[in-house]
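Asker: All residue numbers for the sequence shown refer to this note's numbering, where the first residue is -13 and numbers rise by one. Glycine is no exception: its CB is placed at the ideal position from the N, C-alpha and C atoms. Okay, handing you the structure first.
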Amino acid sequence: MKKLLFPLFAAISMGLSGCSSLQSLSNYLSEADAAMAIKDALTIGANLGANSLGQKNSFSREVLLAAVLPQGAQQVINTLDKLGLATEFNRFANTLDDAAVNATLKSAPIFVDGIRRMSIRDAITIVKNGGTAATDYLRNKIGDSLRNAVTPVMRTALNEYNIIPQWDKLVGPAKLLLGSKASLNLDLDHILAVMLTNEMFKKIEQQEINIRTNASARTTSSLQRVFGRDWNTSGTTTR
């Protein structure tokens, strides 16, 4: 009878030990798990950002003006108004919005691919830091390469909407009147690519905060596991 009971107790003991091990593993966060969750969060943010910014009138007139006329904007606008070109400028801003929306939709895969290829170091620290730590890492790590990759996409969109000739025709009279006082950006493709990526980063930031604070926003198992608890009070491992 004792010979029969010993294997039974051993099996029960091993089973309990296995449950304990699984429970123990669930209490630790690995670098690999953290990195995967960060990429999930950033990818979701990029896709949602593209969908949001890929709508008509996504880029306000103020945002567009701040991009193409960073200094002395009001002076240039006032001059255009005096020249009777305010209507043309508004029409130009609407066309510019169309081009920016077009470029945004085509840029989404660039963001997603960049995120997936990005090597993430100290992923656990990024998870623990909270806020927009993941987006900040993305911006610092591959922000420049993203802007450079988006620039030709923006150039194609500007050419498609015939933006450059419209811009030159529009600001020509203002430049003549204002001379050196007019600070006008002429490298529109790069300037607007910077604007687009900055707006995308804002959307990604918003989604990161949403994922960190709202359980319903954690739509993958990785997000649920990593962002579903406070790891500052739990164990972590580099396994």
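Excluding the 5 residues preceding and the 5 following I96 in the sequence, name in chain order all residues of the same chain whose CB lies nearer than 8 Å to its CB.
Answerer: Excluding residues within five positions, the ones whose Cβ falls inside 8 Å are L132, A135, V136 and V139.
Asker: Using the DSSP secondary-structure output, state which residues sit across from L156 in a beta bridge.
Answerer: Answer is none; L156 lacks a bridge partner.
Asker: Determine the direct distance from the alpha carbon of T29 to that of L209, and round the result to whole angstroms.
Answerer: Straight-line Cα distance between these residues: approximately 12 Å.
Asker: To the nearest angstrom, how far is it from the Cα of D216 to the Cα of T118?
Answerer: D216 and T118: Cα-Cα distance of roughly 15 Å.
Asker: Can at least three beta-carbon pairs, one atom from the stretch 110 to 125 and one from the stretch 140 to 156, be found at a separation below 8 Å?
Answerer: Not touching, per the Cβ criterion.
Asker: The alpha helix (DSSP H) with L182 in it runs from where to where?
Answerer: Per DSSP, L182 belongs to the alpha helix (DSSP H) from L174 to T199.
Asker: According to DSSP, is Y147 part of a helix, a strand, or is it coil?
Answerer: Y147 falls in the coil class under three-state DSSP.
Asker: Quick one: measure Cβ to Cβ for V54 and I177, integer angstroms, because I've assumed they're closer than 8 Å.
Answerer: Correct: roughly 6 Å between the Cβ atoms.
Asker: L156 and F78: beta carbons closer than 7 Å?
Answerer: Going by C-beta atoms, L156 is nearer than 7 Å to F78.
Asker: Using DSSP with H/G/I as helix, E/B as strand and the rest coil, what is L132?
Answerer: In this structure, L132 counts as helix in the three-state DSSP scheme.
Asker: Assign S202 to one of two classes, buried (16 or more other C-beta atoms within 10 Å of its C-beta) or exposed (fewer than that).
Answerer: Exposed, since its Cβ has fewer than 16 Cβ neighbours within 10 Å.
Asker: Secondary structure at L82, three-state DSSP: helix, strand or coil?
Answerer: Three-state result, L82: helix.
Asker: Helix, strand or coil: which one does DSSP assign to L15?
Answerer: Strand at L15.
Asker: Whole angstroms are fine: how far does the CA of D84 sit from the CA of S207?
Answerer: Straight-line Cα distance between these residues: approximately 37 Å.
Asker: Leaving aside the five residues before and after R102 along the sequence, list all residues of the same chain whose C-beta is less than 8 Å from its C-beta, in chain order.
Answerer: K25 and T29.
Asker: Grab me the residues of T81's own chain with a C-beta within less than 6 Å of its C-beta, minus the 5 sequence neighbours each way, in chain order.
Answerer: Cβ within range, chain order: Y147.
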